[in-house]
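Enquirer: Structure in structure tokens, see below.
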Amino acid sequence: MTDDEAEMIRLEEEIKDCRLCELWKTRNNPVVGEGSLSTKIMLIGEAPGYYEDLKGRPFVGKAGKILDELLDSLGQGRAEVYITNILKCRPPGNRNPAATEIKACTPYLDAQMSIIEPEVIATLGNFPLTYIFAKFGLNPDKISKIHGKVFMVSTIAGIKKVVPLYHPAVATYNPGMKTTLIDDFKVLAECFV
Ligand code: URA
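Dropping the structure here:
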């Protein structure tokens, strides 16, 4: 087992026992994340939904089906990226994450980024965009203006690319957005080489 694998397992155990916010009371399973620990690309969604909470895996519902199609459009699969969320536990009724929950939970995301050290951080939807832009000192803007653009940031772990993307769920209530998502995902293609 590599050091990264051991550290991720330790983190997973910590998250399973986490009671830093109230969401542990209503969760069935925390959703830590999954994928390659040596990938260059980390995809960050918002929070687990109904099916993710039941299965303990990210993006296994309708939005996940679209995410799989988007990765497939690049000739890639889940095993080539790492997928996680801002919140590791499902907010009841799929309400938006609360600021207190984001504050309590994001040290886990930060720890995951330290283990994986991705070169590319792709945010899926508004909540990860807001968090990641603030973390790296980027000026936030509306997702409708900046989706699919690449923002370079200099960090102690080297230069990273931040790519804000729409949340795949937009294509479930607005099928026309699928084309936009497919186009935006193309900026990730060169990162797989
Ligand atoms: N939506 C998200 O943002 N994350 C998931 O894991 C599932 C749906």
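Position one of the sequence shown corresponds to residue 273 (our numbering), numbered consecutively onward. We put the beta carbon where it would ideally sit given N, CA and C, even for glycine.
Excluding sequence positions up to five away, which residues of its chain have a Cβ less than 7 Å from the Cβ of Glu352?
Expert: Taking the first residue of the sequence shown as 1, we reach residue 352 at position 80. Ser308, Thr311, Phe464.
Enquirer: Nearest to Leu410 by alpha carbon, out of Pro302, Tyr445, Thr402?
Expert: Within the sequence shown, numbered from 1, the residue matching residue 410 stands at position 138. When each option's Cα is compared against that of Leu410, the closest is Thr402.
Enquirer: Return the first residue and the last residue of the beta strand (DSSP E) that Tyr354 is part of.
Expert: Your numbering for residue 354 matches position 82 in the sequence shown. Unbroken beta strand (DSSP E) run through Tyr354: 354 to 357.
Enquirer: The beta strand (DSSP E) that contains Gly430, what's its start and end?
Expert: Mapped onto the sequence shown, residue 430 falls at position 158. Start and end: 430 to 437.
Enquirer: Please confirm whether any heavy atom of the ligand URA lies closer than 7 Å to the CB of His468.
Expert: Nothing about residue 468 can be reported from this structure: the residues present for the chain run from 273 to 465 only.
Enquirer: Helix, strand or coil: which one does DSSP assign to Thr402?
Expert: For the purposes of this step, residue 402 is identified with residue 130 of the sequence shown, where counting begins at 1. If DSSP states are grouped into helix, strand and coil, Thr402 belongs with the helices.
Enquirer: Applying the criterion that 16 or more other CB atoms from any shown protein chain within 10 Å of the CB defines a buried residue, is Pro447 buried or exposed?
Expert: One-based indexing of the sequence shown puts residue 447 at position 175. Pro447 should be labelled exposed.
Enquirer: So what does Leu396 bridge to, in DSSP terms?
Expert: For the purposes of this step, residue 396 is taken as residue 124 along the sequence shown, with counting starting at 1. Paired residue(s): Leu437.
Enquirer: Classify Glu391 as helix, strand or coil using the three-state DSSP reduction.
Expert: Numbered from 1 along the sequence shown, position 119 holds the residue referred to as residue 391. If DSSP states are grouped into helix, strand and coil, Glu391 belongs with coil.
Enquirer: Between the Cα of Ile454 and those of Pro440, Tyr445, Val303, spot the shortest distance and give me the residue it belongs to.
Expert: As a working mapping, residue 454 is identified with position 182 in the sequence shown. Cα-wise, what sits closest to Ile454 is Pro440.
Enquirer: My output table needs one value for Leu346: the three-state DSSP class, helix, strand or coil.
Expert: By one-based count along the sequence shown, residue 346 stands at place 74. Leu346 falls in the coil class under three-state DSSP.
Enquirer: List the whole-angstrom C-beta distance separating Leu396 from Ile316, where the pair is believed to meet the contact cut-off of C-beta under 8 Å.
Expert: Working through the sequence shown from its first residue, we reach residue 396 at position 124. Working through the sequence shown from its first residue, we reach residue 316 at position 44. 6 Å between Cβ atoms; contact.
Enquirer: For Leu326 and Val303, what's the separation of their Cα atoms in angstroms?
Expert: The residue you call residue 326 lines up with position 54 of the sequence shown. The residue you call residue 303 lines up with position 31 of the sequence shown. Using only the alpha carbons, I get a separation of about 9 Å.
Enquirer: Could you tell me which of Cys293, Pro364, Asp382 sits nearest to Asn357, measuring between CA atoms?
Expert: On the sequence shown, residue 357 is found 85 positions in, with the first residue counted as 1. The shortest C-alpha separation from Asn357 is found at Asp382.
Enquirer: Within 10 angstroms of the Cβ of Gly333, are there 16 or more other Cβ atoms? Answer buried if so, exposed if not.
Expert: On the sequence shown, residue 333 is found 61 positions in, with the first residue counted as 1. Buried, because 16 or more other Cβ atoms sit within 10 Å of the Cβ of Gly333.
Enquirer: Does the beta carbon of Pro470 fall short of 7 Å from some heavy atom of the ligand URA?
Expert: Since the displayed the chain opens at 273 and closes at 465, residue 470 lies outside it and no answer follows.
Enquirer: Count the C-beta pairs between the stretch 336 to 343 and the stretch 373 to 382 that are closer than 8 Å, then say yes if the count reaches three, no if not.
Expert: no
Enquirer: By DSSP's criteria, Gly307 is part of a beta bridge. Which residues make up the other side?
Expert: Reading the sequence shown from its first residue, position 35 is the one you call residue 307. Answer by DSSP bridge pairing, in chain order: Tyr354.
Enquirer: Taking only three categories from DSSP, how would you classify Gly448?
Expert: As a first step, residue 448 is located in the sequence shown; it is residue number 176 there, counting from the start. Gly448: coil per DSSP, three-state reduction.
Enquirer: Could you say which of Ala335, Ser386, Asp344, Ile374 lies nearest to Phe399 if we only look at CA atoms?
Expert: Numbered from 1 along the sequence shown, position 127 holds the residue referred to as residue 399. The option with the nearest alpha carbon to Phe399 is Ile374.
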